[in-house]
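Step one of this worksheet: look at the structure below.
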Amino acid sequence: MNDMMLLVEPLIPPLRRYARALVKDHATADDLVQDCLERAITRWHQRRQDGDARTWLFTILHNLAVSHMRQNRRRGSHVTLDDGVDEAMIARPATQEDALHHADVMQALQTLPEDQRSVLLLVSVEDLTYAEAARVLDIPIGTVMSRLARAREKLLQKMEGAPAQETAKGGATIHRPVFGAGIFRRVK
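With the sequence shown counted from 1, adding 1 to any position gets you our numbering.
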């Protein structure tokens, strides 16, 4: 039990951050994290010993969040963008300009389809590798890469109000400068 707590406890803040970004409601997100941790504790013996606990916990949380969202769609409930994640994902900005940029990023993030938002959050915010994100979402790595590229492209379009790529003379693609809290980096 003590070994389990040493592995699980440092993962609680990233799990909360991811849940809040997915469901856009702090109380519901905390409930999902609690359910995730309860399942992890009761099923700890079923976990692959050679597997990564972080990936396993994010998988449990993601599946719980997807189930929750499906239930809400069936019930016809809705969540407003005003309930979106702000301080949970990025530290409070220091300047007014940073605060406005932060609000714009958060609003643009909430407009992404759930599948793209999930990949973007796992890779860029929670710093999972493509392979880890693929295991969490139970999709191929190539799908992670394409969803991430589409998510970044859509965020750039939303943030800049124009397509994120331009074509130079001769047909070469020009990428606009990277900005944001690591969301648009092209690594891993």
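Beta carbons: idealized from backbone N, C-alpha and C, even for Gly.
For clarity, every value in this text was computed on a predicted model and none was experimentally measured.
8 Å contact criterion, which residue i and residue j should meet: CB distance rounded
| i | j | result |
| --- | --- | --- |
| L8 | L33 | Not confirmed; about 19 Å, so no contact. |
| T60 | R136 | 7 Å |
| I140 | Y131 | No, I140 and Y131 are not in contact; Cβ-Cβ is about 10 Å, not under 8 Å. |
| R55 | L12 | 6 Å |
| L121 | A150 | Going by Cβ atoms, the distance from L121 to A150 rounds to 10 Å, so no, they are not a contact pair. |
| A134 | V126 | Rounded, the Cβ-Cβ distance is 11 Å, inconsistent with contact. |
| L38 | A66 | Not really, about 14 Å apart at Cβ, beyond 8 Å. |
Assigned secondary structure, residue i (DSSP; H/G/I helix, E/B strand, else coil)
| i | result |
| --- | --- |
| K193 | For residue 193 there is no data in the structure shown, the boundaries of the chain being 2 and 189. |
| R18 | helix |
| P114 | coil |
| R49 | coil |
| T43 | helix |
| T60 | helix |
With 16 other Cβ atoms within 10 Å as the buried cut-off, status of residue i
| i | result |
| --- | --- |
| R17 | buried |
| P15 | buried |
| R21 | buried |
| S68 | exposed |
| H98 | For clarity, residue 98 is Glu in the given sequence; the question names His instead. The residue is exposed, with fewer than 16 neighbouring Cβ atoms inside 10 Å. |
| H46 | exposed |
| R49 | exposed |
| T96 | exposed |
| D26 | buried |
| L82 | Its pLDDT being 45, under 50, L82 is placed unreliably in this model, and the value from its coordinates should be taken loosely. Classification of L82: exposed, given that the 10 Å Cβ count is below 16. |
| A41 | buried |
| L138 | buried |
| H115 | Looking at the sequence itself, residue 115 is Glu, so the reference to His does not match. Flag for E115 reads exposed. |
| R118 | buried |
| A104 | exposed |
| G181 | Summary for G181: the model assigns pLDDT 48, below 50, so the residue's position carries little reliability, and this model does not support an answer. |
beta-carbon residue i near the ligand GTP non-hydrogen atom, thresh 7 Å
| i | result |
| --- | --- |
| Q117 | Among the components modelled here there is no ligand, and therefore nothing to report on the ligand GTP. |
Between the region 108-117 and the region 152-159, can you find at least three pairs of beta-carbon atoms closer than 8 Å?
Yes: at least three Cβ pairs fall under 8 Å.
4 or more residues per run - each alpha helix (DSSP H) lying fully within the region 118-170
The region 118-170 is shown to contain whole alpha helix (DSSP H) runs of 4 or more residues at 131-138, 142-161, in chain order.
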